[in-house]
Structure formats: C-alpha cells, structure tokens
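Once you know that position 106 of the sequence shown is 106 in the working numbering, the rest is easy, because the numbers rise by one and skip nothing. For every residue, glycine included, the Cβ atom is placed at its ideal position computed from N, Cα and C. Shown next, in structure tokens, is the structure this report addresses.
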Amino acid sequence: MSTTHSPTIANLEAAFAGESMAHIKYLHFAKIARAHGDLETAALFEETAKQEVQHALGHADLLFPAAKLNPQQVLQLAIAGETHEYTAMYPKFHHAAVQEGNHLAAGEFAEQIAESQQHAAEFAALLAKAAKRFAALAKVEERHAKQYEKRLESAR
Ligand SMILES: [Fe+2]
Ligand SMILES: [Fe+2]
C-alpha cells in the first residue's frame with residue numbers, strides 16, 4: 001500500500017488494516033451469534049466493533065491527517081486506491097483464484113474489479129466537477145481584480 005520506508009508508517013498501516021478488519025469481523029460474528037439466538041454474545045461483538053472503528057479512525061488520522069488534507073486531495077487518494085484495486089490487486093487475485101479452481105473467490109474478485117472501477121469513476125467525476133468549480137471561481141476573482149484595477153486607475 002505504501003511507498004514509504006518508515007517502519008512506523010508501515011506499522012500504522014498494518015494497525016489501521018487490523019482494526020478496520022476487526023470492526024467488520026465482529027459485526028459478522030455478531031450476526032452468527034444472533035442467528036444462534038445468543039443475544040449477549042452478539043451485543044458484546046457489536047459493542048466491541050464500535051470501539052474498533054474508533055481505533056481505526058485514530059490510525060487513519062495519523063496516516064491521512066485531517067488538518068492537512070482537503071476534499072480534492074482525499075478524492076485523489078481514493079482514486080489512486082481504487083485504481084490500484086481494479087488494475088493490479090483484484091486482477092492478480094482473480095487470476096490466482098481461477099488457477100486454483102476457487103470459483104467462489106474468483107467470482108467475488110471479478111465483482112470487485114467492476115465495483116472498484118465504478119468507485120474510481122465516481123470519485124474522478126466529482127473531482128472533475130470540483131476542478132470546474134474552482135476554474136469558474138478563479139475567473140470571477142480575476143474579473144473582480146480587473147474591475148478593481150480599473151477603478152483605481154480612474155481614481156488617479
Ligand atoms: Fe482495537
Ligand atoms: Fe471500493
């Protein structure tokens with residue numbers, strides 16, 4: 001995932017992945033417990049899952065500091081992530097699953113190629129819209145600046 005050689009960044013990424021995974025895993029375990037009528041176990045998993053989200057969000061803010069990032073930058077980060085998924089990661093996983101004869105996993109990976117591509121396209125469309133808005137704003141600013149200059153000149 002990362003191009004950095006910092007062990008701490010790599011550890012944060014692993015911790016972020018682990019806590020995020022624990023969140024989903026515990027929601028899944030809660031569903032299993034609930035299906036067996038064990039509401040107490042289900043409730044404990046659901047409560048713990050909520051805490052794992054908070055742990056993951058804490059790691060996320062160290063990896064992607066909210067104070068330093070704007071919507072355009074996070075859209076770009078998201079596009080890069082989804083693009084990696086549909087161009088490299090899932091095609092590789094899909095190929096391996098087919099070779100291994102695991103058709104369920106192959107089907108799931110193929111679906112994820114399409115989903116990730118769709119997500120990347122949605123993020124890119126919004127980013128393009130934002131870029132247009134910025135360009136329009138810049139033109140308005142330029143017009144205001146010119147009007148201001150004219151007024152300054154005529155006042156002289
Ligand atoms: Fe945790
Ligand atoms: Fe996605």
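Euclidean distance between Cα positions of residue i and residue j
{"i": "GLU82", "j": "ALA17", "result": "16 Å"}
{"i": "LEU44", "j": "ALA136", "result": "52 Å"}
{"i": "ALA88", "j": "GLN112", "result": "12 Å"}
{"i": "GLU52", "j": "HIS23", "result": "5 Å"}
{"i": "ALA56", "j": "ARG133", "result": "33 Å"}
{"i": "LEU69", "j": "ASP38", "result": "43 Å"}
{"i": "GLU122", "j": "TYR26", "result": "29 Å"}
{"i": "ALA105", "j": "GLU85", "result": "15 Å"}
{"i": "HIS103", "j": "SER116", "result": "20 Å"}
{"i": "GLY107", "j": "ALA42", "result": "30 Å"}
{"i": "ALA114", "j": "PRO91", "result": "10 Å"}
Start and end residues, alpha helix (DSSP H) containing residue i
{"i": "PHE156", "result": "At residue 156 the sequence reads Arg, which differs from the Phe that was named. No alpha helix (DSSP H) holds ARG156; DSSP gives it neither H nor E."}
{"i": "ALA66", "result": "Careful: ALA66 lies outside any alpha helix (DSSP H) and carries neither H nor E."}
{"i": "ALA96", "result": "90 to 100"}
Three-state secondary structure assigned by DSSP to residue i
{"i": "ASP61", "result": "helix"}
{"i": "ALA5", "result": "Position check: residue 5 holds His in this sequence, whereas Ala was assumed. Coil, per DSSP."}
{"i": "GLY107", "result": "helix"}
{"i": "HIS36", "result": "coil"}
For residue i, the nearest candidate out of the options (CA to CA)
{"i": "GLU47", "options": "GLY37, GLN72, ALA35, ALA30", "result": "ALA30"}
{"i": "GLN76", "options": "GLN147, ALA125, HIS95", "result": "ALA125"}
{"i": "LYS50", "options": "SER20, LEU63, HIS84, ALA138", "result": "SER20"}
{"i": "HIS59", "options": "GLU13, HIS144, LEU104, GLU141", "result": "GLU13"}
{"i": "ALA78", "options": "GLU108, ALA114, LEU127", "result": "LEU127"}
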